[in-house]
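Undergrad: Chains as they are written, first to last, in the numbering used here: chain A, 41 to 181; chain B, 41 to 181; chain C, 41 to 181.
Below is a structure I'd like to ask you about.
Laid out in structure tokens, this is it:
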């Protein structure tokens, strides 16, 4: 039993397209290593309402499927009520972010995230290109 | 490095419609302030299977879009199997809650939640009106 | 204010069908009891990209509705791009896992998880039968 340590860094992500998927796994792992935390959790937190996170395989065909799947559920279209307020017509970006997660919590053991073989931390940009901030917070002992 | 502190309060929410969205951000922030935790996390936890949570913009047009979006994905309709068990025909309420989250974890820094400008903590009632309980748990140093 | 304790166990789950729902609540509760943590959190974490988690009612009719709902949103079909890479045609399994969660965080108070009456921790297998690993991590005081 030890004291609790908290450590955080903000990752800056410069996206280049309206919609794109970026793998943050290596950058998150570096923050965990820098934190000195051996056992605990890491929270990967999107500071935006039009960028969501998910944990799954980083395979280019699957990423196309994910984007087509989200386009089917929440089409990039005009005609949403919110578009009358926001001229960028980014309502679909909000809806898709709500379907995904604003935060992914991963266990940390022996100074590394615990993840299955195919689990990558993916940031899903839905309203780029933009400069995005992802807070990576490590908490533990 | 300090000891770990845990603190929790249960928010009571009296909803007035079958389906409605309520912003809990200010109430959550007050619990974080009352906890005395400077750095750590807050877990906002729905104690119900027909009320979900999400983190996104509290803008009235967008909230209409969110409800219409969920109605499209999980229509308020009769004919679900579970409706034969539960005469309130609230199967759609369960399905929508599953699409959203039972818990939102937010980082806490300097005694406040870390949130982007437009990120509000929204409780989505899908089977009101009811008295609802949301556990707000703060953990940190 | 006390020190932080972390404790984890890996649950092994042998699934028997391609798609099935298993209630992990009792097994998670046992890990929480074994941890000795009185107040804190438990993270229930899927180590797979084709098995998701959700927190909702364990009622057999509702579980049929959940599976039919997910079949409607992400049909078990051929023709996805990822299927050209993975001959098991499990793209739908990835998509459904992304809609659900890889991790459920629950508050722990007085040595038990805090859950509403109907809240069960459900592991949703989408690419079985397989041997699956679920990490249950308890963190607190």
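Quick reminder that beta carbons are idealized off the backbone N, C-alpha and C, glycines included.
Need the endpoints of the alpha helix (DSSP H) that residue 100 of chain C sits in, please.
TA: The residue you call residue 100 of chain C lines up with position 60 of the third chain. Counting along the chain, the alpha helix (DSSP H) containing residue 100 of chain C begins and ends at 100-113.
Undergrad: Restricting to runs no shorter than 4 residues, where is the alpha helix (DSSP H) found entirely within the region 123-170 of chain A?
TA: Segments of the alpha helix (DSSP H) lying fully in the region 123-170 of chain A: 131-139.
Undergrad: DSSP on residue 65 of chain A, reduced to helix/strand/coil?
TA: In the first chain, residue 65 of chain A corresponds to position 25, counting from 1. Three-state result, residue 65 of chain A: helix.
Undergrad: Can you check whether the C-beta of residue 106 of chain B is within less than 8 Å of a C-beta belonging to chain C?
TA: Counting from one through the second chain, the residue named residue 106 of chain B turns up at place 66. For residue 106 of chain B, the answer is no, since every Cβ of chain C falls outside 8 Å of its Cβ.
Undergrad: For residue 147 of chain B, is the classification buried or exposed, using 16 other Cβ atoms within 10 angstroms of its Cβ as the cut-off for buried?
TA: Against the second chain, residue 147 of chain B aligns to sequence position 107. Flag for residue 147 of chain B reads buried.
Undergrad: Whose Cβ in chain C lies nearer than 7 Å to the Cβ of residue 177 of chain B?
TA: Taking the second chain and counting its residues from 1, the one referred to as residue 177 of chain B is at position 137. Residues of chain C passing the Cβ test: 147.
Undergrad: Compute the distance between the beta-carbons of residue 114 of chain C and residue 135 of chain C, then report whether it is under 8 Å.
TA: Here residue 114 of chain C corresponds to residue number 74 of the third chain, with the count starting at 1. Here residue 135 of chain C corresponds to residue number 95 of the third chain, with the count starting at 1. Taking 8 Å as the Cβ cut-off, residue 114 of chain C and residue 135 of chain C qualify as a contacting pair.
Undergrad: Say whether chain B places a C-beta atom closer than 8 Å to the C-beta of residue 91 of chain C.
TA: Reading the third chain from its first residue, position 51 is the one you call residue 91 of chain C. So, not an interface residue.
Undergrad: Shortest alpha-carbon distance to residue 180 of chain C belongs to which of C:167, C:145 and C:159?
TA: Within the third chain, the letter at position 140 stands for residue 180 of chain C. Cα-wise, what sits closest to residue 180 of chain C is C:145.
Undergrad: With 8 Å as the threshold, decide whether the Cβ of residue 47 of chain C is near any Cβ in chain B.
TA: Residue mapping note: residue 47 of chain C aligns to position 7 of the third chain, counting from 1. No, no contact with chain B.
Undergrad: Is the Cβ of residue 44 of chain A closer than 8 Å to any Cβ of chain C?
TA: Along the first chain, read from residue 1 onward, the residue named residue 44 of chain A stands at position 4. Chain C, which has a Cβ nearer than 8 Å to the Cβ of residue 44 of chain A, makes this yes.
Undergrad: Beta carbon of residue 57 of chain B, beta carbon of residue 90 of chain B: below 8 Å?
TA: Counting from one through the second chain, the residue named residue 57 of chain B turns up at place 17. Counting from one through the second chain, the residue named residue 90 of chain B turns up at place 50. Not closer than 8 Å, so no.
Undergrad: Residue ranges of each beta strand (DSSP E) run of no fewer than 3 residues wholly in the region 43-90 of chain A, ordered along the chain?
TA: Fully enclosed beta strand (DSSP E) runs of 3 or longer: 45-54, 60-63 and 80-86.
Undergrad: Mind pulling the chain A residues with CB within less than 7 Å of residue 4 of chain B?
TA: Nothing can be reported for residue 4 of chain B: it is not among the residues displayed for chain B, which extend from 41 to 181.
Undergrad: Using the C-alpha atoms, what's the distance from residue 81 of chain B back to residue 153 of chain B?
TA: To locate residue 153 of chain B, count along the second chain from 1; it is residue 113. To locate residue 81 of chain B, count along the second chain from 1; it is residue 41. Distance between the alpha carbons of residue 153 of chain B and residue 81 of chain B: 8 Å.
Undergrad: Between the alpha carbons of residue 50 of chain A and residue 129 of chain A, how many angstroms are there, rounded?
TA: Sequence index remark: in the first chain, residue 50 of chain A carries index 10 (1-based). Sequence index remark: in the first chain, residue 129 of chain A carries index 89 (1-based). If I take the Cα positions, the gap works out to 28 Å.
Undergrad: For residue 172 of chain A, count the other beta carbons within 10 Å of its own beta carbon; 16 or more makes it buried, fewer makes it exposed. Which is it?
TA: By 1-based counting over the first chain, the position of residue 172 of chain A is 132. Per the 10 Å Cβ criterion, buried.
Undergrad: Out of curiosity, what's the CA-to-CA distance linking residue 77 of chain A and residue 178 of chain C?
TA: On the first chain, position 37 is the one that residue 77 of chain A refers to. On the third chain, position 138 is the one that residue 178 of chain C refers to. Roughly 16 Å between the two C-alpha positions.
Undergrad: Taking just the CA atoms, how far does residue 55 of chain A sit from residue 126 of chain A?
TA: Here residue 126 of chain A is taken as the residue at index 86 of the first chain, counted from 1. Here residue 55 of chain A is taken as the residue at index 15 of the first chain, counted from 1. Those two C-alpha atoms are separated by around 20 Å.
Undergrad: Please list, in chain order, the residues of the region 119-151 of chain B that have any C-beta partner in chain A closer than 8 Å.
TA: Under the 8 Å Cβ criterion, the region 119-151 of chain B contributes 139, 140, 141, 144, 145, 146, 147 and 149.
Undergrad: For a contact defined as C-beta to C-beta under 7 Å, what are the partners of residue 117 of chain C on chain A?
TA: The sequence position of residue 117 of chain C within the third chain is 77, counting from 1. Ordered by position in chain A, no residue passes the 7 Å Cβ test against residue 117 of chain C, which lies about 11 Å from the chain.
Undergrad: Please compile the residues from chain A whose C-beta is within a distance smaller than 8 Å of the C-beta of residue 113 of chain C.
TA: Locating residue 113 of chain C in the third chain gives position 73, where the first residue counts as 1. Those within 8 Å of residue 113 of chain C in chain A are 113.
Undergrad: Quick check on residue 181 of chain C - is its C-beta less than 8 Å from some C-beta in chain B?
TA: Translated into positions along the third chain, residue 181 of chain C becomes position 141. Yes, because at least one Cβ of chain B sits closer than 8 Å to the Cβ of residue 181 of chain C.
Undergrad: Of all the CB atoms in chain C, is at least one closer than 8 Å to the CB of residue 62 of chain A?
TA: Position 22 of the first chain holds residue 62 of chain A. Not closer than 8 Å to any Cβ of chain C, the Cβ of residue 62 of chain A fails to qualify, so no.
Undergrad: Which residues in the same chain as residue 150 of chain A place their Cβ atom closer than 8 Å to its Cβ, once the five residues preceding and following it in sequence are excluded?
TA: Counting from 1 along the first chain, the entry for residue 150 of chain A is found at position 110. Answer for residue 150 of chain A: 78 and 79, listed in chain order.
Undergrad: Run the CB neighbour count on residue 169 of chain B, radius 10 Å, all protein chains shown included, and call it buried at 16 or more, exposed below.
TA: Taking the second chain and counting its residues from 1, the one referred to as residue 169 of chain B is at position 129. Under this definition residue 169 of chain B is an exposed residue.
Undergrad: On the CB-based measure, 16 or more other CB atoms within 10 Å of its CB, does residue 165 of chain C come out buried or exposed?
TA: If you number the third chain from 1, residue 165 of chain C lands on position 125. By the neighbour-count rule (16 or more Cβ atoms within 10 Å), residue 165 of chain C is buried.
Undergrad: Please list, in chain order, the chain C residues whose beta carbon lies closer than 8 Å to that of residue 80 of chain A.
TA: In the first chain, counting from the first residue as 1, residue 80 of chain A sits at position 40. The contacting residues are 44, 46 and 179.
Undergrad: Looking at the strands, I want to know which residues DSSP matches up with residue 172 of chain B.
TA: One-based indexing of the second chain puts residue 172 of chain B at position 132. Residue 172 of chain B is bridged to B:53.
Undergrad: Residue 163 of chain C: buried (16+ other C-beta within 10 angstroms of its C-beta) or exposed?
TA: Counted from its first residue, the third chain places residue 163 of chain C at position 123. Residue 163 of chain C should be labelled buried.
Undergrad: Use the C-beta contact count for residue 167 of chain B: other C-beta atoms within 10 angstroms, 16 or more gives buried, fewer gives exposed.
TA: Your numbering for residue 167 of chain B matches position 127 in the second chain. With 16 or more other Cβ atoms within 10 Å, it is buried.
Undergrad: Would a C-beta distance cut-off of 8 Å place residue 88 of chain A and residue 105 of chain B closer than the cut-off?
TA: For the purposes of this step, residue 88 of chain A is taken as the residue at position 48 of the first chain. For the purposes of this step, residue 105 of chain B is taken as the residue at position 65 of the second chain. Their beta carbons are not under 8 Å apart, which means residue 88 of chain A does not touch residue 105 of chain B by this criterion.
Undergrad: If you draw a straight line from the alpha carbon of residue 60 of chain B to that of residue 99 of chain B, how long is it in whole angstroms?
TA: Working through the second chain from its first residue, we reach residue 60 of chain B at position 20. Working through the second chain from its first residue, we reach residue 99 of chain B at position 59. Going from the Cα of residue 60 of chain B to the Cα of residue 99 of chain B covers about 13 Å.
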